[in-house]
Structures are given as structure tokens and as C-alpha cells.
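Residue numbers (my numbering): 22 to 217. Glycine included, each C-beta is placed from N, C-alpha and C at the ideal position. Nothing here was measured: the structure is a model prediction, and the numbers come from that model. Written out below as C-alpha cells is the structure these notes cover.
Listed below in C-alpha cells is the structure:
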């Protein structure tokens, strides 16, 4: 299916051939009976192909359903509506499109309809009307990973520059939310490692 989308979008045969080689190059042996083919998770081309593939969904939502308040990052997306009923009416149309056009399904446990006052849980943040918070799970993961990176530094597995880059990266994540107290906690706990 992805190859058909590429065929529609990319006219240069050499470029298309190369992309098809990349798509066909990955397989993972699962058992003596089955081979799983697909794209390796985390590979940069996989991210590109996911966006090309799901662009079909973007176009459907924006142009066919005429939804303006829509955002997607890779395979996570959010639609903001005026009423619960409006969102409930959109859902079967999206499910049908995904199933019939892209051979995909929405994970039933990942579909959430909530009030604006409860915030939108998206990409590690909880987005509320006038501010953004970091998801609790994301906070815990940051502190756990920083402790792991410091342990790696102490045993010589990584150098100070690498440790500092990790700390700066997490401070960057915090900068996109209202996390003043959390930033203070992180700096107080890990300040020694910032520029040793």
C-alpha cells in the first residue's frame, strides 16, 4: 500500500526504485513458519514513510471531513471538537477510512474523548487551555534516565559531554511546559553534573 502511495506521489522512477528497495529490505524472522516484513521502528526512513502513509489520513480529515482543529505526530493524533456528540460522529468515519484505505485500526484503548478542562494528553504533555504540564509518566522517565546516565558516567561508559547533553535535552523538554518547580528540582538534584 505504501508503494502505491509513493507511486502516486513520486514521478522519478529512480527515486521510487530506491525507496522501494528500502521498504523491501527489512524483514525479521519470527519463527520457522512466518517472516514479518515491514519497517524497522526508529529508523529515520520509517519515520518518513509513516508520515507519507498517514498523510492520506491528514488529507481525509482536513479536506473530506473539513476538520480544522487536528494535529498529528507520527501515529498519534488529536481532534478538538465543540461537543462530545460531534467527536463521536467523526470517529466511525475515521475508523472506516483507516480500515478500508490504509488497512489500519485505531487502538480502542487509546481513543479518549474528554472535556477541555481535563486537558489533552499528547506527546508527553497534558495541554490545558492556558498552560501545559508534563505528563507524570514523562517526569518519572526523565529522572530515571538521568540517574541511569549518571551511573553510566561514573562507570566510564559515557563522558561528561554526553551526560551534559542528556541533561540539556531534558531541560529542553521541560521548557515546552509550565514546569518551573520541576526544573528547579532537576537542577537541584543534578546541578553538579551540568558542567563538571
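Residue environment, residue i, which counts as buried when at least 16 other CB atoms sit within 10 Å
| i | result |
| --- | --- |
| residue 202 | exposed |
| residue 160 | buried |
| residue 198 | buried |
| residue 134 | exposed |
| residue 52 | Confidence is the limiting factor: at residue 52 the pLDDT is only 47, short of 50, which leaves the residue's position unreliable, though a coordinate-based value still follows. Counting Cβ neighbours within 10 Å, residue 52 comes out exposed, since fewer than 16 surround it. |
| residue 200 | buried |
| residue 69 | exposed |
| residue 146 | buried |
Secondary structure of residue i, DSSP reduced to three states
| i | result |
| --- | --- |
| residue 170 | helix |
| residue 155 | strand |
| residue 147 | strand |
| residue 31 | coil |
| residue 142 | strand |
| residue 36 | helix |
Own chain, CB closer than 7 Å to residue i, minus 5 neighbours either side, in chain order
| i | result |
| --- | --- |
| residue 220 | This structure leaves residue 220 out entirely; the chain is present only between 22 and 217. |
| residue 108 | 100, 102 and 134 |
Cβ-heavy atom distance, residue i to the ligand PLP, below 7 Å
| i | result |
| --- | --- |
| residue 115 | As for the ligand PLP, it is missing from this structure, which has no ligand bound. |
8 Å Cβ cutoff, residue i in contact with chain C
| i | result |
| --- | --- |
| residue 44 | Within the model displayed, chain C is absent; a lone protein chain is all it includes. |
Whole runs of the beta strand (DSSP E) within the segment 70 to 113, excluding any shorter than 3 residues: 91 to 94 and 97 to 100
The segment 177 to 188 contacting the segment 122 to 138, beta-carbon criterion three pairs below 8 Å: no
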